[in-house]
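Structure first, then comments.
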Amino acid sequence: MACFEGILDRSEWWSSLPVNEFEGAPIWLAKYISLRRFEDIMQGLRYTNRPRPAYEDRFHDVRELIDAFNNHYENNYHPGWLSCLDESMTDCVRSAEASPIWERTSHNLQW
1380 MACFEGILDR SEWWSSLPVN EFEGAPIWLA KYISLRRFED IMQGLRYTNR PRPAYEDRFH
1440 DVRELIDAFN NHYENNYHPG WLSCLDESMT DCVRSAEASP IWERTSHNLQ W
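For the sequence shown, the residue numbers in the working numbering are 1380 to 1490.
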């Protein structure tokens, strides 16, 4: 939810104001869960069982999750000759398909 651009304060997801450029939420969570209950759940939610280190680690709460992701990625990701990181890049690839340079360098690969 916090990744929705434009809503910085989590409590705004419980707003009943109509949606416009400056206020209101695209989905009203109050229909499904109270703000107080949501905050209670978030307060108790943990992603690690590891004790806090002696130094300050701002990512301690998610460090175990990050390590698991990185290990999985290292063992299972095998990039090809073309890796598209963002869907906006697909337009670039589509426009290149029609170019003579693409045809010469793509080794007649099928999409």
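Think of the CB as a built atom: it goes at the ideal place given N, C-alpha and C, for glycine as much as any other residue.
As the structure is a prediction and not an experimental result, all values here were calculated from the model.
message = Less than 8 Å between the C-beta atoms of E1330 and Y1426, yes or no?
response = Here the chain covers residues 1380 to 1490 and nothing more, so residue 1330 does not appear.
message = Which of the three DSSP states is assigned to W1393 in this structure?
response = helix
Cutoff 8 Å; reference E1402; Cβ partners in own chain excluding five residues on either side = E1391, S1394 and L1396
request  = In angstroms with no decimal places, state the Cα-to-Cα distance between E1414 and F1448.
outcome  = The displayed chain sequence assigns Leu, not Glu, to residue 1414. When rounded, the distance between both Cα atoms is 30 Å.
ask   = In angstroms, rounded to a whole number, what distance separates the CA positions of P1430 and A1409?
value = 35 Å
task = For A1433, count neighbouring Cβ atoms within 10 angstroms of its own Cβ and tell me buried if that reaches 16, exposed if not.
result = exposed
key: Rounded C-alpha distance that separates N1428 from R1389   = 26 Å
query = Got a sec? Which residues, its chain only, sit under 8 Å from D1440 by beta carbon, not counting five neighbours each side?
reply = R1425, Y1426 and T1427
Between the CA atoms of Y1452 and D1555 - distance to the nearest angstrom = Residue 1555 is absent from the structure shown; the chain starts at 1380 and stops at 1490.
inquiry  = Out of F1417, D1419, W1460 and L1387, which one is the CA nearest neighbour of A1404?
reply    = L1387
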